[in-house]
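Just so you know, the sequence shown maps onto residues 1 to 153 in the working numbering.
The structure appears right after this line, and notes come after that.
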Amino acid sequence: MDNQQFDQQYTSQMMPPQQKIIMVTPYSMADDNNNPIAKKYILAAVICMCISKFFPAISMLIMSAERFVDMPYVPSSFNILLFIAAIVILIITRVKYPKNSIAKGLLIGLIANAVISFLIGIGVLVALFGILSTYSSAEFSDFIYELMEIFDL
1 MDNQQFDQQY TSQMMPPQQK IIMVTPYSMA DDNNNPIAKK YILAAVICMC
51 ISKFFPAISM LIMSAERFVD MPYVPSSFNI LLFIAAIVIL IITRVKYPKN
101 SIAKGLLIGL IANAVISFLI GIGVLVALFG ILSTYSSAEF SDFIYELMEI
151 FDL
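Below is the structure:
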């Protein structure tokens, strides 16, 4: 054995073995899509959004049952509060987990839905105002009476 090999073997025997440190994390910090808390926030926002879509029908059923059973007041615009709650939950998710692409996509979709719905509502109001402005006051009452007959009110 030559001197260099002896020194190398002696040095490797004197050094303590290298310890490997393994850190276990539940999700990657670079990607928030797999974060379980973010998934729960997104699920809560989706549930709020689904309930807000069905709440007008549920509200109508409760209001129609009020004829037969004495029921407390049910707000008919509760769906707007649920829609706002879904947007707030998604904004909180985006602030806490900025790299979550699911929350980003849902938030953009909900805001686009709100803007398009608002524009359609304004368009319908403008169209109704245009239709109603052609009638005189006497014809307007006839128009309302005809609408009431059509919708059986």
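We put the beta carbon where it would ideally sit given N, CA and C, even for glycine.
Pull up the distance between the alpha-carbon of residue i and that of residue j, whole angstroms please.
| i | j | result |
| --- | --- | --- |
| R156 | T134 | Lying outside 1 to 153, the shown extent of the chain, residue 156 is not represented and no answer is given. |
| I42 | L107 | 10 Å |
| A86 | E139 | 44 Å |
| L119 | L128 | 14 Å |
| P98 | L61 | 40 Å |
| L90 | A44 | 9 Å |
| S117 | K20 | 57 Å |
| N154 | I84 | With the chain covering only 1 through 153, there is no way to say anything about residue 154. |
| M63 | K40 | 33 Å |
| A154 | A57 | Coverage of the chain is limited to positions 1 through 153, which leaves residue 154 absent and any answer about it impossible. |
| I92 | E149 | 48 Å |
| G130 | S101 | 43 Å |
| L147 | S141 | 10 Å |
| A112 | I122 | 15 Å |
Specify, as a first and last residue, the run of the alpha helix (DSSP H) that residue i falls within.
| i | result |
| --- | --- |
| F54 | P36 to A65 |
| S117 | S101 to S133 |
| I87 | F78 to K96 |
Of all the options the options, which has the alpha carbon lying nearest to the alpha carbon of residue i?
| i | options | result |
| --- | --- | --- |
| N79 | G123, I122 and I47 | I47 |
| F54 | L82, A103 and K104 | L82 |
| V88 | S101, M49 and D142 | M49 |
| L110 | S52, I37 and G121 | S52 |
| I37 | F151, K96 and G105 | K96 |
| S77 | N33, S59 and F151 | S59 |
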